Amino acid sequence: MMKMLTYDGTDEKLDALAVDTETFAKKARRLAARLNAKGVDLELPRPESWRGSGPKPQFSRVASIEEQLRSEIDSILTLDRIDEARLARRIEFARYRLADALVRHDLTEEDLEGAMTYHPSTIWEPQPTDCSFPAPVCRRWRELHALRTELVERNLYLVLINVERYAHLSVARLDLIQEGSAALFRAVDGFDWRRGLLFRTYAVHWLNQAFRSLLYNFGNTVRVPVYLQKAMKHVNQAIARLGNPNATAEEIAEEADLGVNLVESALAASRTTLSMDAPLQKSEEGAGLIELLGVESPEGVYSTDMEDISLKSGVREAMDRLSERERYVVEMRFGIGMEREHTLSEVASELGVSLERVRQIQVRAINKMRTPGLRKAIDPFL
1 MMKMLTYDGT DEKLDALAVD TETFAKKARR LAARLNAKGV DLELPRPESW RGSGPKPQFS
61 RVASIEEQLR SEIDSILTLD RIDEARLARR IEFARYRLAD ALVRHDLTEE DLEGAMTYHP
121 STIWEPQPTD CSFPAPVCRR WRELHALRTE LVERNLYLVL INVERYAHLS VARLDLIQEG
181 SAALFRAVDG FDWRRGLLFR TYAVHWLNQA FRSLLYNFGN TVRVPVYLQK AMKHVNQAIA
241 RLGNPNATAE EIAEEADLGV NLVESALAAS RTTLSMDAPL QKSEEGAGLI ELLGVESPEG
301 VYSTDMEDIS LKSGVREAMD RLSERERYVV EMRFGIGMER EHTLSEVASE LGVSLERVRQ
361 IQVRAINKMR TPGLRKAIDP FL
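If you're matching positions, the sequence shown starts at 1 in this note's numbering and goes up one per residue.
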């Protein structure tokens, strides 16, 4: 039978440790190790427990995704200062429990990257079926991410409030909301309850940073470097102060206190982007800018050798992003750069580890190769 430390019991123990904030971490780690040794799990609240009990709104068939999302977020109960600090302490405590469990099973956080997924419906399973690691590690990981998710969900309203400042710009509103939601997880990971700040005070910094980063990187048809976008902002402000849209680069540079070269680069980057399919004149429907481009003869331009070079380059780039150990395992298992493929047993013998350890390293490496950044390099050839 699974042992369980209740929600209130966890808070009672952590509240007692929090009286002395300087020794909290040390004592919390000891408590985490003791509970792990006894196989004690933490009680976790179900997501419906922090949602209002009123009737669910009925949406028309034409209701937008944003309307439904706003309604869902409006139903989530927010935290007061005391409950927020307690939840932050539980998250920190869950990190210590996971770290202890990893040490007990000779694993690292890197081993879990890309190999674990969180879903609220599975956090109460004694041994989640989709987790290939030891059961205690799986449960500690799910405890941590269930608590992180709770703090994020109960502060999603901050995303909707702060997104209004950027919603009139060139990036889709839902993209901003998604980026802000992801930023809340980064805020949770950096939040320190000992400082006495409200989480929302700390999180707003991360939200604004995420929104600006998205706008700088994806707000233009052609990507413009961030430093140039910032320079463009100062240039536009200087032009407005001068009251002369035809001011020279030298005049703008003096007004904005920028270098002339930087001003010229900013002015060039701010030019309007035109679609190749756009008509040359409003009265012309068929002729577009693309009509003005010449077409080179295809002979001599393409060679099948180019595919081999590109594929090798893509695979090499993919392998370079793996750790040395992961790369070695993948090369041996799939015979990359070798005469043949090797079995798990052969790889384990070479590394001096167990078959299960080799399998875990292989799974982690393959999961890394499924990430968007890595797959982009080799997808054209799959």
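We put the beta carbon where it would ideally sit given N, CA and C, even for glycine.
Here the structure is a predicted model, which means the values were calculated and not measured.
Secondary structure of MET338 (DSSP, three-state): coil. 8 Å or more divides the Cβ of VAL347 from the Cβ of ARG364. Between VAL163 and PHE199 the beta-carbon gap is near 18 Å, outside 8 Å, which marks them as no contact. If you check the CB distance, GLY180 and VAL159 come in under 8 Å.
Unbroken beta strand (DSSP E) stretches of 3 residues or longer found wholly inside the stretch 97 to 169: none. Within the same chain, and ignoring the five residues on either side of ASN155 in sequence, the residues whose Cβ sits closer than 7 Å to its Cβ are LEU184, PHE199, ARG200, ALA203. In the structure shown, LEU176 falls within a helical segment according to DSSP collapsed to helix, strand and coil. Rounded to the nearest whole angstrom, the C-alpha separation of GLU22 and GLY196 is 14 Å.
Going by beta carbons, ILE252 and PRO245 fall outside the 8 Å limit. Residue nearest to ASP83 within the set GLY337, MET232, ASP15 is ASP15 (criterion: CA-CA distance). Under the three-pair Cβ rule at 8 Å, the stretch 101 to 108 does not count as touching the stretch 71 to 85. ARG46 carries a coil assignment under DSSP once its states are collapsed to helix, strand and coil.
Closest option to GLU150, judged by alpha-carbon separation, among TRP50, ALA256, GLU356: TRP50. Cβ contact annotation for PRO45 (same chain, cutoff 8 Å, sequence separation greater than five): TYR7, GLU150, in chain order. Minimum Cα-Cα distance from ALA172 among the listed residues LEU215, THR10, ALA268, GLU72 corresponds to LEU215. In the DSSP annotation of this structure, LEU322 is not part of any beta strand (DSSP E), being labelled neither H nor E. When DSSP states are grouped into helix, strand and coil, ASP257 belongs to the coil group. Rounded to the nearest whole angstrom, the CA to CA distance from TRP141 to GLN68 is 30 Å. When the alpha-carbon of ILE161 is set against those of VAL235, ARG70, GLU326, the nearest one is in ARG70. For the options ALA256, ARG325, GLU341, the alpha carbon positioned closest to that of GLY352 is the one of ARG325.
In this structure, ALA94 sits away from LEU31, with a CB-CB distance that is not shorter than 8 Å. For LEU31, the enclosing alpha helix (DSSP H) begins and ends at 21 to 37. In terms of Cβ geometry, ILE336 and VAL329 do not form a close pair [threshold 8 Å]. By the CB criterion at 8 Å, ILE76 and ARG148 fall outside the cutoff.
Here the C-alpha atom of GLU153 lies approximately 27 Å from the C-alpha atom of ASN36.
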